[in-house]
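Notes to accompany the following structure.
There are 2 protein chains.
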Amino acid sequence: MSHVFDEAISVRRTDDVFHATTHPAYSNMVGPFGGITAATVVHALQQHPDTLGEPLAVTINYTAPIADGDWDLFTSAVRTNRTNQHWVFRIEQHGDIVSTGTAVFGLHRPTWSNTEAQPPTAPPVEEIEPLEFPEFIAWARNYDKRFVTGGLDAGASDDSTSTLWIRDAPERPLDYPALMSITDSFYPRVFLRHGTYMPAGTISLTTYFHATPGELSEHGTAHLLATASAARFAGGHYDQHGRVWSVPGEGEPVLLASTHQLVYFKNPQPQE
Amino acid sequence: MSHVFDEAISVRRTDDVFHATTHPAYSNMVGPFGGITAATVVHALQQHPDTLGEPLAVTINYTAPIADGDWDLFTSAVRTNRTNQHWVFRIEQHGDIVSTGTAVFGLHRPTWSNTEAQPPTAPPVEEIEPLEFPEFIAWARNYDKRFVTGGLDAGASDDSTSTLWIRDAPERPLDYPALMSITDSFYPRVFLRHGTYMPAGTISLTTYFHATPGELSEHGTAHLLATASAARFAGGHYDQHGRVWSVPGEGEPVLLASTHQLVYFKNPQPQE
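Below, the structure written as structure tokens:
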């Protein structure tokens, strides 16, 4: 029996074009959840016969709303170097460009390694109750989310940080598309600052993948420790920066991905 | 008399194509300094008659080395919304694609605003001596650089953080191209960890512009306070995250830009 995530990211290829369809299980308030769109791009590029190695960096720009239904992903491998490969892509729907982006794939080479970043402190996942999001955020039902801080029920906060344990529900072994999706799974930071919903949406998202295939497979189906904050809100935009960690029972935490996004928001009555 | 930075970023437009030429004053060890290439893209897009508002986000992928000489920037405004506009671009040289990227331009709208990030602590710029980089890093001579921590002369460090006061030399009023360039001006973090040079280069760079035109003009020609660190080095890559602040004599510091990049590095003998 296939996982609903695999159904949602499935694609059919015609040369450099991949055909996909939105999945109701990953609907957002308007159109599909951006994370599932980005995950579908990663999954598609992994299926391309010319692809070199694993995803290292993906930038996706959400240029226009995606409607429920079919969409086409146009890809082009513009440059293949010895250890990395550059892709450009766009998503079209009914003749409109609804997303653009670039991706870097490549090989993990043996080098000196070191992690400077530290994971946030968090109690064990078993000690935290899962948080359900409201019914109209359909995609969130496919994630088990246990907030250490900054849950959607937290009320207004001076600190836009959310830290949570998260994994697919039902469980699913972690892979690059799933990691991509989770890097876009933080609800808008501006909701947390105001303790309320308001119009907000990702404009541009960049994720850097540190994870090797071996690290993904060692992580398996466990919860990930994810954290995100905003740096500055102004002029109708803010930037979000986040990190996703694998925290094994024994051994060192592994930084699997870092992620950044520029977000649009709207509140009609300026405060302060 | 024009500033050398203006000479370096100058472009000539033919419809959606901009013609540029590398400038010897901004050479790097191999080819031009990436920051000046990105700055030229920002400058070009600002010259396009169809451009809406100011730069909000730019992602540039350095797909292949740029040779000294002429290059062409191909731009396309793929989507103009009410308050933002999405561009895709590529740079070609001798028929090869040497860079790809996307840019978001848009309007700053009146909204609630707040800055959560804190600038690093730093003594006044006057108390720090400028640091000269070696002769073979030509571009660095066009910046007055005063390191608070993590200078290129710092030796090996367990912490990849560099914090510095930086501005164009000679002085030049801050604008978006100059800010773009400065977000790529941090020397490779892996040099700082090892206290030595090694092959390293930016693969993909994303900068989010928070600055309004008014904030740039208020900043003027003062030094910027810039800081950058890496989170994880592994498999021949690391991610760098940085911030660039305006720190007025009186009043609150202003976060002008946040920036992220994925960097390639190579050391043939794995340590640890």
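Protein chains in written order, with our numbering: chain A, 26 to 297; chain B, 26 to 297. For each residue, glycine too, the CB sits at the ideal point set by N, CA and C. Keep in mind it's a predicted model, so treat the numbers as computed, not measured.
Asked	Found
From the beta carbon of residue 190 of chain B, is the nearest beta carbon of chain A less than 8 angstroms away?	no
Would you mind listing the alpha helix (DSSP H) stretches within the segment 189 to 258 of chain A that are 4+ residues and don't spill past its ends, in chain order?	201 to 208, 214 to 219 and 238 to 244
Helix, strand or coil, according to DSSP, for residue 131 of chain A in the structure here?	strand
Can you tell me which residues form a DSSP beta bridge with residue 43 of chain A?	A:38 and A:98
Would you list, in sequence order, the uninterrupted beta strand (DSSP E) runs of no fewer than 3 residues that lie entirely inside the segment 42 to 118 of chain B?	42 to 46, 79 to 87, 95 to 105 and 109 to 118
Select from B:198, B:171, B:37 and B:123 the residue whose C-alpha is nearest the C-alpha of residue 244 of chain B.	B:198
Would you mind reading off the limits of the alpha helix (DSSP H) that contains residue 33 of chain B?	29 to 33
Do residue 112 of chain A and residue 127 of chain A come within 8 angstroms of each other at the CB atom, strictly closer than that value?	yes
Out of A:83, A:74, A:269 and A:73, which has the shortest C-alpha to C-alpha gap to residue 62 of chain A?	A:83
With 8 angstroms set as the bound, which would you pick, yes or no: does the beta-carbon of residue 168 of chain A sit closer than that to a beta-carbon of chain B?	no
Would you mind sorting residue 58 of chain B into buried or exposed? The rule is 16 or more other CB atoms within 10 Å of its CB.	buried
Using the Cβ count rule (16 or more neighbours within 10 Å means buried), how would you classify residue 213 of chain A?	buried
Three-state secondary structure (DSSP) at residue 164 of chain A?	helix
Going by DSSP, which residues form a beta bridge with residue 139 of chain A?	B:258
Compute the Euclidean distance between the alpha carbons of residue 69 of chain A and residue 201 of chain A, then round it to the nearest angstrom.	11 angstroms
Helix, strand or coil: which one does DSSP assign to residue 173 of chain B?	strand
Are the C-beta atoms of residue 161 of chain A and some chain B residue less than 8 angstroms apart?	no
Could you confirm whether any beta carbon from chain D is found closer than 8 angstroms to the beta carbon of residue 221 of chain A?	Of the protein chains in this structure, namely A and B, none is chain D.
Under 6 angstroms Cβ to Cβ from residue 43 of chain B, same chain only, skipping five residues before and after it: list those, please.	36, 69 and 98
Name the residue from A:33, A:142, A:60 and A:287 whose alpha carbon lies nearest to the alpha carbon of residue 255 of chain B.	A:142
Report the rounded CA-to-CA distance for residue 193 of chain B versus residue 186 of chain B, giving the unit in angstroms.	21 angstroms
Is it buried or exposed, residue 161 of chain A, if we count other Cβ atoms within 10 angstroms and call 16 or more buried?	exposed
Interface residues of chain A around residue 280 of chain B at Cβ under 7 angstroms?	256 and 257
Have a look at A:158, A:103 and A:66 and flag the residue whose alpha-carbon is nearest the alpha-carbon of residue 222 of chain A.	A:158
With burial defined as no fewer than 16 other Cβ atoms inside 10 Å of the residue's Cβ, what is the status of residue 123 of chain A: buried or exposed?	buried
Return no unless some Cβ of chain A is closer than 8 angstroms to the Cβ of residue 141 of chain B.	yes
What number of angstroms, rounded off, separates the C-alpha of residue 235 of chain A from the C-alpha of residue 259 of chain B?	7 angstroms
Residue 50 of chain A and residue 163 of chain A look like a contact to me (Cβ under 8 angstroms); what is the Cβ gap, rounded to whole Å?	6 angstroms
Since residue 288 of chain A is in the beta strand (DSSP E), which residue starts that stretch and which ends it?	279 to 290
To the nearest angstrom, how far is it from the Cα of residue 277 of chain A to the Cα of residue 150 of chain A?	17 angstroms
Can you find a CB in chain A that lies within less than 8 angstroms of the CB of residue 297 of chain B?	Residue confidence for residue 297 of chain B is low, a pLDDT of 46 falling below 50, so the modelled location carries little weight and cannot support an answer.
Which value, in whole angstroms, describes the spacing of the CA atoms of residue 181 of chain A and residue 152 of chain B?	41 angstroms
With 8 angstroms as the threshold, decide whether the Cβ of residue 237 of chain A is near any Cβ in chain B.	yes
Please report whether the beta-carbon of residue 218 of chain B lies at a distance below 8 angstroms from any beta-carbon of chain A.	yes
Give me the chain A residues within the contact set of residue 207 of chain B, using Cβ-Cβ distance strictly less than 8 angstroms, ordered along the chain.	Ordered by position in chain A, no residue passes the 8 angstroms Cβ test against residue 207 of chain B, which lies about 17 angstroms from the chain.
Whole angstroms are fine: how far does the CA of residue 107 of chain B sit from the CA of residue 88 of chain A?	12 angstroms
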